[in-house]
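Residue numbers (full-length UniProt numbering): 1 to 747.
See the structure below:
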C-alpha cells in the first residue's frame, strides 16, 4: 500500500507529440478518444490544425504502447526528442505541401481538357477513350487519398466528405468506363450511353485545390516556438577560477558568475552581483520603459542589457528559466485546444448514409417495379442520385465563404490565419486587452511641456536641455531629445556634464549651472517650484506620467512629462466593443496607479495591474470557467501564452513576430477599432456559410427525389444523368456567387 501511495503522488508528465495521417477533424477526434482510452493516460487533446497530441500521463506509462494503439487505427504517434520533433515536423509539413501542390497542378491540368471535351466536343472521334485515359490518373492516383480516407472511415463505421467524394467520383468513373468499353448495352435498349468523366475529374481537382489552400495556410504557422528559443544566446562569458572563459549556454551551472556587456541578452535567470544598468524587460512585463538594475536585483533570460555592464550570478538555468517556462506554456496552450469538428463533416456524417440509402432504395424500386428495361433504369437512377448529390455545393459552402471573408478582412488590414478564428469571432462574450502597445502606443513620448521661465529665455533653455538629454544615459532621455529635435531645437555645447545617480544630470554652460531630473534633485539643490508648476506636476503624476524637472539659478524653470501615450482610437474602440455587449478587460504589468489612470481615460471598469505572463494565462482560463468565449488582444512575448489559450487570439501588427505567430488574427494597422470590424465580418461570413448550406440542401432535397424517379409515374419524366451533372454545376455556381457578395460588405 505504501508503494501505491507513493506512485500516486508522483506528478503527471505532460508532452506534445506530432500525429501523422490525419486528414480531417474527425480523424483528430478518433486519435484523441483512442489515446484517452489507454492505460496511464490522464488526458489527451489532439489539435488537427497543427497535427499534435498533448498527452498527460503517469510516470512509467509505455509510450510505445500508445504509439501502437494509434497505429492500429491508421495513424501514427511520433516519439522523438523535442527539438528533433519540431524540425522533423516542419520537414513533414513542407513535404505534405509539396505533394498536395504537385497533385493539384496535375489534376487541374488533366481535368481541364476532360471538361472541355465532355461539355463541348463529346461526339468527337475517340473522345470517350481520350477522356478515359486522362481521367484514370486524376481519380485513382492524384485523388487516391479520398478513397484511402473513405476506407478508414468505413472501417470505424463513419462517413465524411471523403466518403461522398469517393463514392460519387468512383461510380461516375466506373459507369463512364462501362459505357466507353461497352456502349452497346444502353444503345441496344434505346438509351444514350452517356459518360461523366468531367464530373469525376473536376470534383477531384476542386477538392484538391481546397486542401492545397489549407496546407498552405498551415505551412506558414507556428514559427513562434523557434523564435522564442532564439531569444536565448548560444554562448556566454563566465568567470571560473578567476579566469574569463566563453561557455556554451548548455554548460552554465547554477552559481556561475556571468559577464553581461551592453547590448547583450541575459542568458539565464539570476541576480546582479555588481554593476548598474537599464534592462529592456518588455518581453516579460510588456512595459516599454527599461528597468534599472543594481546589485541584488533579479534578471531574467532573454531580457536585453542596454548601456551598463553587469556581473550576474546564475540562479536558474536550462528548462528552469522563466523563458523556458514561457516556451513550454505556449507549446501546451497551442496544443490544448480541442479541435472543432467542421460543420460540413458533421453534416456529411448524416448526409452520406442518407444519400447512399436513397440511391440503393431507388435501384431496388426500379429493379423490382420498373417493368421493361428495369435493370437499365435502376442503374441510371442509382448513378443519377449519386451524381446529383455530389458534394461540390456542400463542399464549397464553407471554404468559398471563408476565402472571400478572409480576403475582405485583408483589404481592411485584418489578417485572419485560419477559418476557425473567423467562425468563432462572432461568438465572443469577453475581450481582454493588453495595455502597452495595444491600448497605448507602446513607447514613451513627451506628453506635456510647461515653462516657468520668461518666454524670451525659453529657446535658450530648450537648447541646453536638449544637449543635457543627448548625453544622458537614462532610458527616458531619448523621448525628450526626440521631442525637442522634432520641434527644431539645436543643442548647445556643454562646458561640463555630470550624471547624478538615481536623480538626474547636471551641466554647466558659460558658467551657469543647470539641473535636469526628478523632484529629489530639485529639492537637494534648493530649487524653488512655482505654484502653477507644482500643481501641474501633481496632476500629471496622478495620470501616471513620469515628470522630469529642469532648474537653474534657484528656480525650477520647466517640467516635461513623459508617458506611454494612449492611442487616439482606443477609447472609441473600447466603447464600440461594449456596445456589442462584450465585457472588456485590461491587463498590464505596469503599476496599479498607471493602470487605473489608463482605464479611466479609455472608459474601462475592469482591469488588473502588475500581472506576469502566467497571470494573464490564468485570467483567460478563469473567464473560460465562467462560461465566456474569450478574445485576447496583445503585442508582446509576454502575451503569447494568453493569446494561444484564448478562443480568438488577436495580435497588433506592430507587435513581436512571436505574438503574431501565436495569434489567429493580426491587426495590421494596430488600431483597436478593427476588432469590432473583425466581429462584424465573422457574423457576415458565418451567415453566408449557413445560407450556402441551406441552398445546397434545398437543391438536394428537390434534386435527389427527382433523380430517384419520383416524377416518372406522374409525368413520365426520368432525370438524365447529364442534366444531373449540369444541375450539380449550377448549385456550385450559386454557392460561389452568394459567397462573393461578402466582397461588398461594409465594415
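Here a beta-carbon is modelled for each residue, glycine too, at the ideal position from N, C-alpha and C.
Classification of residue i by the beta-carbon crowding that lies within 10 angstroms, buried from 16 upward
i, result
"residue 573", "buried"
"residue 622", "exposed"
"residue 357", "exposed"
"residue 366", "buried"
"residue 129", "exposed"
"residue 635", "buried"
"residue 616", "buried"
"residue 2", "Confidence at residue 2 is low in this model, with a pLDDT of 40, below 50, so its placement is unreliable and no value can be given for it."
"residue 242", "exposed"
"residue 350", "exposed"
"residue 535", "exposed"
"residue 182", "exposed"
"residue 57", "buried"
"residue 515", "buried"
"residue 360", "exposed"
"residue 557", "buried"
"residue 748", "Because the chain here runs from 1 to 747, residue 748 falls outside it and cannot be looked at."
"residue 640", "buried"
"residue 207", "buried"
"residue 250", "exposed"
"residue 368", "exposed"
"residue 245", "exposed"
"residue 232", "buried"
Which of helix, strand or coil DSSP assigns to residue i
i, result
"residue 297", "coil"
"residue 528", "strand"
"residue 119", "helix"
"residue 170", "helix"
"residue 350", "helix"
"residue 666", "strand"
"residue 45", "strand"
"residue 163", "helix"
"residue 650", "strand"
"residue 252", "coil"
"residue 309", "coil"
"residue 698", "helix"
"residue 268", "coil"
"residue 606", "strand"
"residue 236", "strand"
"residue 499", "strand"
"residue 247", "strand"
"residue 632", "strand"
"residue 32", "helix"
"residue 315", "strand"
"residue 260", "strand"
"residue 96", "helix"
"residue 281", "coil"
"residue 275", "coil"
Cβ-Cβ separation, residue j to residue i (assumed contact under 8 Å), whole Å
i, j, result
"residue 169", "residue 132", "Their Cβ separation, rounded to whole angstroms, is 14 Å, which puts residue 169 and residue 132 out of contact at 8 Å."
"residue 668", "residue 653", "4 Å"
"residue 234", "residue 258", "Actually they are not in contact, since the Cβ atoms of residue 234 and residue 258 sit about 14 Å apart, beyond 8 Å."
"residue 305", "residue 323", "Not a contact, Cβ separation roughly 15 Å."
"residue 504", "residue 527", "Rounded, the Cβ-Cβ distance is 11 Å, inconsistent with contact."
"residue 748", "residue 707", "There is simply no residue 748 to check, as the chain begins at 1 and stops at 747 in what is shown."
"residue 313", "residue 271", "5 Å"
"residue 36", "residue 44", "5 Å"
"residue 34", "residue 73", "6 Å"
"residue 739", "residue 404", "5 Å"
Any C-beta of chain B under 9 Å from that of residue i
i, result
"residue 268", "Although the question refers to chain B, the structure presented lacks it and comprises just one protein chain."
- Query: Would you call the region 577 to 585 and the region 604 to 614 in contact, with 3 or more CB pairs under 8 Å?
  - Reply: The count of Cβ pairs closer than 8 Å, one atom from the region 577 to 585 and one from the region 604 to 614, reaches three, so the stretches are in contact.
- Message: Whether or not the region 693 to 712 and the region 423 to 436 are in contact is what I'm after, with contact meaning three or more pairs of Cβ atoms, one per stretch, closer than 8 Å; do they touch?
- Response: The region 423 to 436, when compared against the region 693 to 712, does not touch it at the 8 Å Cβ threshold.
- Would you mind listing the alpha helix (DSSP H) stretches within the region 402 to 488 that are 4+ residues and don't spill past its ends, in chain order? Runs of the alpha helix (DSSP H) inside the region 402 to 488: 419 to 424, 455 to 471 and 477 to 486.
- Counting only runs that start and end within the region 508 to 593, where is the beta strand (DSSP E) found for 3 or more residues in a row? Those beta strand (DSSP E) runs which fall completely within the region 508 to 593 and span 3+ residues are 512 to 517, 546 to 552, 555 to 566 and 583 to 587.
- Message: Under 8 Å: do the region 445 to 459 and the region 492 to 499 share three or more Cβ pairs, one atom per stretch?
- Response: No: the two stretches stay apart, fewer than three of their Cβ pairs being nearer than 8 Å.
- Query: Does the region 427 to 436 come within contact of the region 623 to 642, defined as at least 3 CB pairs closer than 8 Å?
  - Reply: Yes: the two stretches touch, three or more of their Cβ pairs being nearer than 8 Å.
- Would you check if the region 477 to 489 and the region 589 to 597 touch, i.e. whether three or more CB-CB distances between them fall below 8 Å? Between the region 589 to 597 and the region 477 to 489 there are fewer than three C-beta pairs closer than 8 Å, too few to call the two in contact.
- Message: With three or more beta-carbon pairs closer than 8 Å as the criterion, would you say the region 674 to 686 touches the region 459 to 478?
- Response: Taking a cut-off of 8 Å for Cβ pairs, the region 674 to 686 and the region 459 to 478 do not touch, as fewer than three such pairs fall below it.
- Query: So does the region 536 to 547 actually touch the region 403 to 412, counting three or more Cβ pairs closer than 8 Å?
  - Reply: With a cut-off of 8 Å, the region 403 to 412 and the region 536 to 547 do not count as touching, because too few Cβ pairs lie within range.
- Message: Taking 8 Å as the cut-off, does the region 30 to 44 touch the region 53 to 71 (at least 3 CB pairs, one atom from each stretch)?
- Response: The region 53 to 71 vs the region 30 to 44: in contact.
- Message: For the region 560 to 573 against the region 432 to 452, do three or more pairs of beta-carbon atoms, one drawn from each stretch, fall closer than 8 Å, so that the two count as touching?
- Response: The answer is yes - the region 432 to 452 touches the region 560 to 573, with three or more Cβ pairs under 8 Å.
- Item | Cβ contact check for the region 148 to 157 and the region 186 to 193: 3 or more pairs under 8 Å | Contact fails between the region 148 to 157 and the region 186 to 193, because fewer than three Cβ pairs, one in each stretch, are under 8 Å apart.
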